[in-house]
Amino acid sequence: MTAVAAETFMASPSRADNAPRVIVVGGGLAGMATAVALESAGVGVTLLEARRGLGGRASSFEDPQSGETLDNCQHVLLGCCTNLLDFYRRLGVSHLIHYERTVHFVGPDGRHYGLSGIRGLPAPLHLGPSMAGFAALTLGERVAVSRAMLAMLRLGKAGRLALADVSFGQWLDEHYQPPTLVEKLYDPILVGSLNEQCRDASATYAIQVFQDAMLAHASGYVIGLPACPLGELYAKFPCRDVRLGTRVSAIRFTDSGASGVELTGGEVLEANAVVLATNHHAVRRWVPDELARRDARFARLDELESVPILGAHLWFDRPVLTDSHAAFLRGPLQWLFKKDAEGKAVHGVISAAREWVDVPREEALGRFEQQIRSVFPHARDAKLLRGVTVIEKRATFSPKPGVDRLRPAQAPPAGGIANLFLAGDYTLSGWPATMEGAVRSGYLAAEAVAHALQSRIGKASRSFLVPDLPVQWPARLLGHG
Ligand SMILES: Cc1cc2nc3c(=O)[nH]c(=O)nc-3n(C[C@H](O)[C@H](O)[C@H](O)COP(=O)(O)OP(=O)(O)OC[C@H]3O[C@@H](n4cnc5c(N)ncnc54)[C@H](O)[C@@H]3O)c2cc1C
Numbered sequence: 001m002t003a004v005a006a007e008t009f010m011a012s013p014s015r016a017d018n019a020p021r022v023i024v025v026g027g028g029l030a031g032m033a034t035a036v037a038l039e040s041a042g043v044g045v046t047l048l049e050a051r052r053g054l055g056g057r058a059s060s061f062e063d064p065q066s067g068e069t070l071d072n073c074q075h076v077l078l079g080c081c082t083n084l085l086d087f088y089r090r091l092g093v094s095h096l097i098h099y100e101r102t103v104h105f106v107g108p109d110g111r112h113y114g115l116s117g118i119r120g121l122p123a124p125l126h127l128g129p130s131m132a133g134f135a136a137l138t139l140g141e142r143v144a145v146s147r148a149m150l151a152m153l154r155l156g157k158a159g160r161l162a163l164a165d166v167s168f169g170q171w172l173d174e175h176y177q178p179p180t181l182v183e184k185l186y187d188p189i190l191v192g193s194l195n196e197q198c199r200d201a202s203a204t205y206a207i208q209v210f211q212d213a214m215l216a217h218a219s220g221y222v223i224g225l226p227a228c229p230l231g232e233l234y235a236k237f238p239c240r241d242v243r244l245g246t247r248v249s250a251i252r253f254t255d256s257g258a259s260g261v262e263l264t265g266g267e268v269l270e271a272n273a274v275v276l277a278t279n280h281h282a283v284r285r286w287v288p289d290e291l292a293r294r295d296a297r298f299a300r301l302d303e304l305e306s307v308p309i310l311g312a313h314l315w316f317d318r319p320v321l322t323d324s325h326a327a328f329l330r331g332p333l334q335w336l337f338k339k340d341a342e343g344k345a346v347h348g349v350i351s352a353a354r355e356w357v358d359v360p361r362e363e364a365l366g367r368f369e370q371q372i373r374s375v376f377p378h379a380r381d382a383k384l385l386r387g388v389t390v391i392e393k394r395a396t397f398s399p400k401p402g403v404d405r406l407r408p409a410q411a412p413p414a415g416g417i418a419n420l421f422l423a424g425d426y427t428l429s430g431w432p433a434t435m436e437g438a439v440r441s442g443y444l445a446a447e448a449v450a451h452a453l454q455s456r457i458g459k460a461s462r463s464f465l466v467p468d469l470p471v472q473w474p475a476r477l478l479g480h481g
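Quick note: my numbering has the sequence shown finishing at residue 481, numbered continuously throughout.
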């Protein structure tokens, strides 16, 4: 499929004529992952996307002023995002992801601190020397962090899951982590990963970031940055029937469950199963109350809190950023990414950006310009030529303690709405709202659909989820189960 709308359903040559047909609503990462997995199992998929392009919240748009293709926001992945990387492999775009083995932190005084793993050393030894010499922290803070990392290792996965109702702030206090560490280390790493203030996030998800990215496997922390606009990653999306600019207005139900969808033009499409891969706000509107009452997946969706993210595209009159990125130890911008070869075009991000929603654009740009000039001495005379800010008010849900009780499973529960499946970063994926979480949810939805249709899809693979990176031996020796 190229990025043009296919108007008719076309059967795959390898697909039997009586192959089951599944409609996937929403062409974000979750919907695309569902579709690509089901097609690989010989299921006929029709993917419906309201917008003119794929990608949803991880997509690009044309800047009306310059005609340039810009991402709605810089998207970063890590080496531990095994399912997202599998998805890119299925799309044939793995080579478009560039990897960075050093995380570049920059202090408010402009000092640079690198965190990098030693090649060949297994986790968590690989980051040991870099953490030991991480001069942004005092010696006492480094000792405190080492104690916390050891405690996180010893928790293993089971111990971390048991902390779902505990805030990371409480966990930090119980482990005597000084408040200065929140500013210098925990917030810079976690706010961008979780889109929440680290003390307010669930300890489960905060500790998962450290376990999966830094402590279990030496590749986990490596930063992946798309080397092209996000939209280009999906340009050759390998599904046959993708209908862009096609908005679903209603779900069709029969006594036995979901039977298809209705489009805004009135057209009705029937299917053996429907996967809703939109955000949860749309999902709840489509399910009538009397049906929602017998399907626990819809009971608490309204309680998921949305948290904004601000992205700022900035063009300076001279190079400001030399490395591929900078993680600022003090804001307002939390991360900055280089968007051209010279470092004149940069992209700044503020996660958990609640207090930025009403800040006028010019004021925000002025503060970003001032920050960049003050932390990069070579840029102190740099002038901001132009800036575009994008604030996504409903960027992701807040991963607060207890949040998983609000998140629905992909498959209907016993007695729930048959043939109606859910995918999306808000569904129960084991991950916070990230690209990895969205792809996982899509693979899980595809597994649930394939299971439900098993009598019709024969021996095709029904398992799509890719395992986590393995826990390496030193981490196992230190107690990571
Ligand atoms: C500003 C920002 C920055 C982020 N940065 C990162 C990052 O650095 N790293 C990371 O891992 N994650 C990041 N994320 C999170 C990540 O983008 C999301 O978790 C992920 O893209 C969600 O994918 P999804 O498929 O679940 O939902 P969506 O992307 O929201 O997809 C839902 C799709 O459904 C479509 N749709 C809605 N209604 C209809 C309808 N009626 N008919 C047809 N189609 C419909 C929508 O148009 C959309 O394309 C960021 C998110 C934002 C907003």
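Glycine is no exception: its CB is placed at the ideal position from the N, C-alpha and C atoms.
### Message
Mapping the DSSP letters down to three states, classify phenylalanine 368 as helix, strand or coil.
### Response
The residue given as residue 368 occupies position 368 in the sequence shown. Here phenylalanine 368 sits in helix by DSSP.
### Message
In this structure, how does DSSP classify phenylalanine 87 when only helix, strand and coil are distinguished?
### Response
Within the sequence shown, residue 87 is the residue found at index 87, counting from 1. Helix.
### Query
Does the beta-carbon distance from leucine 299 to histidine 98 come in below 8 Å?
As a first step, residue 299 must be located in the sequence shown, where it is residue number 299. As a first step, residue 98 must be located in the sequence shown, where it is residue number 98. Checking the sequence shown, residue 299 turns out to be alanine, not leucine. Cβ atoms of alanine 299 and histidine 98: not closer than 8 Å.
### Query
For ligand 1, is there a heavy atom less than 7 Å away from the beta-carbon of asparagine 83?
As a first step, residue 83 is located in the sequence shown; it is residue number 83 there, counting from the start. No, the Cβ of asparagine 83 stays beyond 7 Å of every heavy atom of ligand 1.
### Query
Do the stretch 206-226 and the stretch 371-382 make contact, defined as three or more Cβ pairs closer than 8 Å?
no
#### Entry: First and last residue of the uninterrupted alpha helix (DSSP H) at tyrosine 205
Here residue 205 corresponds to residue number 205 of the sequence shown, with the count starting at 1. 203-210 is the extent of the alpha helix (DSSP H) around tyrosine 205.
### Query
Who does arginine 252 pair with in a DSSP beta bridge?
Looking up residue 252 in the sequence shown gives position 252. DSSP lists Gly260 as partners of arginine 252.
### Task
Answer yes or no: the CB of valine 25 versus the heavy atoms of ligand 1, is any distance below 7 Å?
Locating residue 25 in the sequence shown gives position 25, counting from the first residue. Flag set: Cβ of valine 25 near ligand 1.
### Message
Beta-carbon within less than 7 Å of isoleucine 391's beta-carbon, same chain only, minus the 5 sequence neighbours each way: which residues are those?
### Response
Residue 391 sits at position 391 when you count from the first residue of the sequence shown. Closer than 7 Å at the Cβ level, and outside the excluded window around isoleucine 391, lie Pro308, Leu310, Ala353, Trp356, Val357.
### Query
In angstroms, rounded to a whole number, what distance separates the CA positions of proline 399 and tyrosine 205?
If you number the sequence shown from 1, residue 399 lands on position 399. If you number the sequence shown from 1, residue 205 lands on position 205. Roughly 7 Å between the two C-alpha positions.
### Task
Return the CA-CA distance between glutamate 49 and tyrosine 443, expressed in angstroms with no decimal places.
Here residue 49 is taken as the residue at index 49 of the sequence shown, counted from 1. Here residue 443 is taken as the residue at index 443 of the sequence shown, counted from 1. Computed Cα separation, rounded: 18 Å.
### Query
In chain order, what residues of the same chain have a beta carbon less than 7 Å from the beta carbon of histidine 126, not counting five sequence neighbours either side?
As a position in the sequence shown, residue 126 is number 126, starting the count at 1. Correct list, in chain order: Gly117, Ile118, Ala218.
### Complete runs of the alpha helix (DSSP H) confined to the stretch 262-306 [at least 4 residues]
280-286, 289-292
### Task
Starting from the Cα of leucine 185, find the closest Cα among Gly159, Leu70, Arg142 and give me that residue.
Counting from one through the sequence shown, the residue named residue 185 turns up at place 185. When only C-alpha atoms are compared, the closest one is Arg142.
### Message
Here's the rule: buried if 16 or more other CB atoms are within 10 angstroms of the residue's CB, otherwise exposed. What is tryptophan 171?
### Response
On the sequence shown, position 171 is the one that residue 171 refers to. Classification for tryptophan 171: buried.
### Query
Beta carbon of glutamine 211, beta carbon of methionine 131: below 8 Å?
Along the sequence shown, read from residue 1 onward, the residue named residue 211 stands at position 211. Along the sequence shown, read from residue 1 onward, the residue named residue 131 stands at position 131. For glutamine 211 and methionine 131, no; Cβs fall outside 8 Å.
### Message
When you compare the CB positions of valine 268 and arginine 252, do they come within less than 8 Å of one another, or not?
### Response
In the sequence shown, residue 268 corresponds to position 268, counting from 1. In the sequence shown, residue 252 corresponds to position 252, counting from 1. Yes, the pair counts as a contact, with Cβ atoms nearer than the cut-off.
### Message
Does the distance between the C-beta of glutamate 392 and the nearest non-hydrogen atom of ligand 3 fall short of 7 Å?
### Response
Because ligand 3 does not appear in the structure shown, any question about it cannot be addressed here, the ligands present being ligand 1.
### Task
State the Cα-Cα distance for the pair alanine 326 and serine 429, rounded to the nearest angstrom.
Counted from its first residue, the sequence shown places residue 326 at position 326. Counted from its first residue, the sequence shown places residue 429 at position 429. Using only the alpha carbons, I get a separation of about 29 Å.
### Message
Once DSSP output is grouped into helix, strand and coil, what is the label at lysine 393?
### Response
Position 393 of the sequence shown, counting from 1, holds the residue named residue 393. Correct three-state label for lysine 393: strand.
### Message
Assuming tryptophan 431 is part of the beta strand (DSSP E), what are its boundary residues?
### Response
Locating residue 431 in the sequence shown gives position 431, where the first residue counts as 1. No beta strand (DSSP E) holds tryptophan 431; DSSP gives it neither H nor E.
### 8 Å Cβ cutoff met for leucine 225 and glutamate 342
Counted from its first residue, the sequence shown places residue 225 at position 225. Counted from its first residue, the sequence shown places residue 342 at position 342. Going by C-beta atoms, leucine 225 is not nearer than 8 Å to glutamate 342.
### Task
Measure the Cβ-Cβ separation of valine 274 and asparagine 419 and say whether it is below 8 Å.
Within the sequence shown, residue 274 is the residue found at index 274, counting from 1. Within the sequence shown, residue 419 is the residue found at index 419, counting from 1. Against a cut-off of 8 Å, the Cβ pair of asparagine 419 and valine 274 comes out as a contact.
### Task
Taking alanine 395 as the reference, give the member of Ala33, Trp315, Pro188, Tyr426 with the closest Cα.
Start at 1 with the first residue of the sequence shown, and residue 395 comes out as number 395. Considering only alpha carbons, the answer is Tyr426.
### Query
How many angstroms separate the CA atom of glycine 479 from the CA atom of proline 178?
Here residue 479 refers to the residue found at position 479 of the sequence shown. Here residue 178 refers to the residue found at position 178 of the sequence shown. Going by the C-alpha atoms only, they are around 25 Å apart.
### Query
Buried or exposed: which applies to methionine 1, given that a residue is buried once 16 or more other Cβ atoms fall within 10 Å of its Cβ?
Within the sequence shown, numbered from 1, the residue matching residue 1 stands at position 1. Because methionine 1 sits at a pLDDT of 40, beneath the cut-off of 50, its placement in the model cannot be relied upon, and the following sentence gives the value as read from the coordinates. It is buried - the Cβ of methionine 1 has at least 16 other Cβ atoms within 10 Å.
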